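The structure appears right after this line, and notes come after that.
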Amino acid sequence: MKLFVSPLLALSCLIGNAVAAWPNGPFKTEGRWIVNANGDKISLAGANWPGHGEVMVPEGLQYQSIKDVLSDIKSIGMNAIRLTFAIELVDQIYANNGKDVDLQTAFEEGLGKENGTIILQKVLKNNPSFTAKTTRLEVYDAIAAECLRQQIYIDLDNHISEAKWCCGGTDGNTWWGDTQFNVDNWVRGVKYMAAHSKKWPAKITQSLRNEPREPTNNNALRDKSYNWSDLYKYMRQGADAVHEGDPNGIIVISGMNYDTYVTPLYSGETLQPGGEVFNRDDFVGYGKDKLVLEIHNYENSGTSCSSLRYNLYNKGFQAMNESDPNVAEVFPVILTEFGQAMNGADYNTANTYVSCLSEYLPEIKASWFIWVIVGRYYTRQGIQEFDDSWGLKKADWSGWKNDDYIAKYLKPQIAGTLKK
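Residue numbers (mature numbering (1 follows the signal peptide of the UniProt record, and there is no 0)): -20 to -1, 1 to 400.
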């Protein structure tokens, strides 16, 4: 018997299969690339979405729905977010007999009862599927579900231990063992979040720690531990924990000095003072194809594109060049933070920076996340409804703060990065 299948039905099946295939994990690394299960190369062009502040809920939901925040990101061509969290979120779950904090508690404790109640009502109005009893991780889950619907990848980033604005040399969160950076809690926290997020199909990577840096007000810790040997030791501990929580996950390793360089991790040089050399065998069962490096760059007042290119290459992107004789280990490298003010004199000063990155990042096919997709924060540095001059969104999240920057620099940067 010969069966007849209508062209419309056949097309709908093809579309259905194509949609179902995304994101086509699990992911792994091959040389300088992240690849999906088919071996297709994946590039990321995205924005940081902070969730590590005092409320421990991703920002902006008092102004927009999750769907609208992500739709705005998608509308300019971006395909990824770096979604941040604080270890304190997990600490509170353990302190609460394994139960997460609900939104009413989170907003009241983060903003005070009066303002917390007001802001929560705005969040619930914009996101009617939530109630006051929705938990913080249920909000993260809803973001992950919407990312899957809109085909947006997630890098889940441990940004800080104590939930607050980051980063500085005196904030107690600088380095493993600092006053608010408990090593055991960190290992427990990244493992917990790895296990929780392994059910998110859109998650492509998990970053171990944002901006390891010198503890400038803790001389004893600095002298004892602020070095490459200890960074390597702790990154291995965190990576093992994340791998245990999510065996299929790709793990992102950061460097020193606010993660501005990772050179010793790929160059084959000895890590001081212990004399170790980076060895993939130290990451048992996943070191060969589950590790990525990240760097940050904020040289936004510079006037030389060639100098910026030189620094980005020699502090990190060099690791993607297998033909460079100074590269012992080839990695994908992601620029997980860069940015500048979106208007005024500070934006004008950053002209060389923004134009250079708009050309250079697509040229070398580097993945990246701009800082930051916000307008006003719930609270930042003690100021509620803080309007971030670096934020891509207007204060009320209603549109882009600088349409000219989006059109002239960011959209071409996105398109060039994602061009096959």
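Even for Gly, the Cβ is constructed at its ideal location relative to N, Cα and C. It should be emphasised that the depicted structure is a prediction, and the values quoted were computed from it without experimental measurement.
Quick check: the segment 293 to 301 against the segment 233 to 251, are there 3 or more CB pairs under 8 Å?
-> yes
Leaving out five residues on either side along the sequence, give the residues of the same chain with a beta carbon under 7 Å from the beta carbon of Glu126.
-> Residue numbering aside, residue 126 sits at position 146 when the sequence shown is read from its first letter. Taken in chain order, the residues that qualify are Ile46, Lys47, Leu50.
Neighbourhood of Lys381 by C-beta distance below 7 Å, restricted to the same chain and skipping five residues each side = As a working mapping, residue 381 is identified with position 401 in the sequence shown. Closer than 7 Å at the Cβ level, and outside the excluded window around Lys381, lie Met322, Asn323, Gly371, Leu372, Lys373, Lys374.
For Val264, is the classification buried or exposed, using 16 other Cβ atoms within 10 angstroms of its Cβ as the cut-off for buried?
-> Sequence index remark: in the sequence shown, residue 264 carries index 284 (1-based). Exposed is the call here.
At what residues does the alpha helix (DSSP H) containing residue 440 begin and finish?
-> No answer is possible for residue 440: the residues shown for the chain start at -20 and end at 400.
Close Cβ partners of Gln160 (< 6 Å) along its chain, the five nearest in sequence each way excluded = Taking the first residue of the sequence shown as position 1, residue 160 is located at position 180. Result list for Gln160: Ser141, Glu142, Gly152, Asn153, in chain order.
Nearest residue (CA-CA) to Gln101, options Val170, Ala75, Lys171, Gly40 = Within the sequence shown, the letter at position 121 stands for residue 101. Nearest of Val170, Ala75, Lys171, Gly40 to Gln101, Cα basis: Gly40.
Does DSSP classify Gly26 as helix, strand or coil?
-> By one-based count along the sequence shown, residue 26 stands at place 46. Strand, per DSSP.
Alpha carbon to alpha carbon, what distance is there between Glu94 and Leu337?
-> As a first step, residue 337 must be located in the sequence shown, where it is residue number 357. As a first step, residue 94 must be located in the sequence shown, where it is residue number 114. Each residue's alpha carbon lies about 43 Å from the other.
Buried versus exposed, by CB contacts within 10 Å (16 or more), Thr359 = For this step, residue 359 is matched to residue 379 along the sequence shown. Thr359 is buried by the Cβ-count criterion.
How many Å lie between Trp180 and Gly5 at the Cα?
-> Start at 1 with the first residue of the sequence shown, and residue 180 comes out as number 200. Start at 1 with the first residue of the sequence shown, and residue 5 comes out as number 25. Answer to the nearest angstrom: the Cα atoms are 11 Å apart.
Cα separation between Pro392 and Arg202?
-> Walking along the sequence shown from the start, residue 392 turns up at place 412. Walking along the sequence shown from the start, residue 202 turns up at place 222. Each residue's Cα considered, the two are about 42 Å apart.
Using a Cβ-Cβ cut-off of 6 Å (strictly less than) and excluding sequence neighbours within five positions of Gln130, which residues of its own chain qualify?
-> In the sequence shown, residue 130 corresponds to position 150, counting from 1. Answer for Gln130: Leu50, Lys54, listed in chain order.
Starting from the C-beta of Ala112, find all residues in its chain whose C-beta is less than 8 Å away, skip the five residues before and the five after it, and write them out in chain order.
-> Taking the sequence shown and counting its residues from 1, one reaches residue 112 at position 132. Excluding residues within five positions, the ones whose Cβ falls inside 8 Å are Asp82, Leu83, Gln84, Leu100, Leu104.
Using beta-carbon positions only, say whether Gln186 and Gly229 come within less than 7 Å of one another.
-> As a first step, residue 186 is located in the sequence shown; it is residue number 206 there, counting from the start. As a first step, residue 229 is located in the sequence shown; it is residue number 249 there, counting from the start. Yes, Cβ-Cβ distance for Gln186 and Gly229 is below 7 Å.
Where does Ser177 fall in DSSP's three states?
-> Indexing the sequence shown from 1 puts residue 177 at position 197. Ser177 falls in the helix class under three-state DSSP.
Give the DSSP bridge partners of Arg356, in chain order.
-> Taking the sequence shown and counting its residues from 1, one reaches residue 356 at position 376. For Arg356, which the question treats as bridged, DSSP gives the partners Asp367.
Can you round the beta-carbon distance between Ile231 and Asn28 to whole angstroms, since I take them to be within the 8 Å contact cut?
-> Translated into the one-based positions of the sequence shown, residue 231 becomes position 251. Translated into the one-based positions of the sequence shown, residue 28 becomes position 48. Actually they do not touch by this definition, with Cβ atoms about 18 Å apart.
Can you tell me whether residue 431 is buried or exposed, with buried defined as 16 or more other CB within 10 angstroms of its CB?
-> With the chain covering only -20 through 400, there is no way to say anything about residue 431.
Straight-line CA distance for Asn328 to Gly362?
-> What you label residue 328 is simply residue 348 of the sequence shown in a count that begins at 1. What you label residue 362 is simply residue 382 of the sequence shown in a count that begins at 1. Going from the Cα of Asn328 to the Cα of Gly362 covers about 28 Å.
Continuous alpha helix (DSSP H) stretch holding Asn77: start and end = Looking up residue 77 in the sequence shown gives position 97. No alpha helix (DSSP H) contains Asn77, which DSSP labels as neither H nor E.
Using DSSP with H/G/I as helix, E/B as strand and the rest coil, what is Asn190?
-> In the sequence shown, residue 190 corresponds to position 210, counting from 1. Reduced to three states, the DSSP call for Asn190 is coil.
Comparing alpha-carbon positions, which option in Lys79, Ala25, Gly31 lies nearest Phe114?
-> For the purposes of this step, residue 114 is taken as the residue at position 134 of the sequence shown. The question names Phe, yet the displayed sequence has Thr at residue 114. Of Lys79, Ala25, Gly31, the residue nearest in Cα terms is Lys79.
Should the segment 312 to 321 be regarded as contacting the segment 271 to 282, the criterion being three or more beta carbon pairs within less than 8 Å?
-> yes
From which residue to which residue does the alpha helix (DSSP H) around Trp208 run?
-> For the purposes of this step, residue 208 is taken as the residue at position 228 of the sequence shown. Element bounds for Trp208: 208 to 225.
Ala1, enclosing alpha helix (DSSP H) - first and last residue = In the sequence shown, counting from the first residue as 1, residue 1 sits at position 21. Ala1 -> alpha helix (DSSP H) spans -14 to 1.
Secondary structure of Arg12, DSSP reduced to three states = For the purposes of this step, residue 12 is taken as residue 32 along the sequence shown, with counting starting at 1. Coil at Arg12, not helix or strand.
Ile98 classed as buried or exposed, judged by whether at least 16 other C-beta atoms fall within 10 angstroms = The residue you call residue 98 lines up with position 118 of the sequence shown. So Ile98 counts as exposed.
Candidates Asp376, Tyr246, Gln217, Val35: which alpha carbon is nearest Gly96's?
-> Here residue 96 is taken as the residue at index 116 of the sequence shown, counted from 1. The candidate whose alpha carbon is nearest that of Gly96 is Val35.
Does DSSP classify Asp137 as helix, strand or coil?
-> On the sequence shown, residue 137 is found 157 positions in, with the first residue counted as 1. Of the three classes helix, strand and coil, the one that applies to Asp137 here is strand, per DSSP.
Scan the segment 39 to 105 and note each continuous beta strand (DSSP E) run of 3 residues or more that stays entirely inside, going in chain order.
-> 60 to 66
Per DSSP, what kind of secondary structure is Met300 in: helix, strand or coil?
-> By 1-based counting over the sequence shown, the position of residue 300 is 320. Residue state, collapsed to three classes: helix.
Measuring CB to CB, does Lys268 end up less than 7 Å from Asp226?
-> Residue numbering aside, residue 268 sits at position 288 when the sequence shown is read from its first letter. Residue numbering aside, residue 226 sits at position 246 when the sequence shown is read from its first letter. No, these two residues do not count as a Cβ contact at 7 Å.
Sheet register partners of Thr185 (DSSP bridge) = As a working note, residue 185 is residue 205 in the sequence shown. Answer by DSSP bridge pairing, in chain order: Asp135, Ile230.
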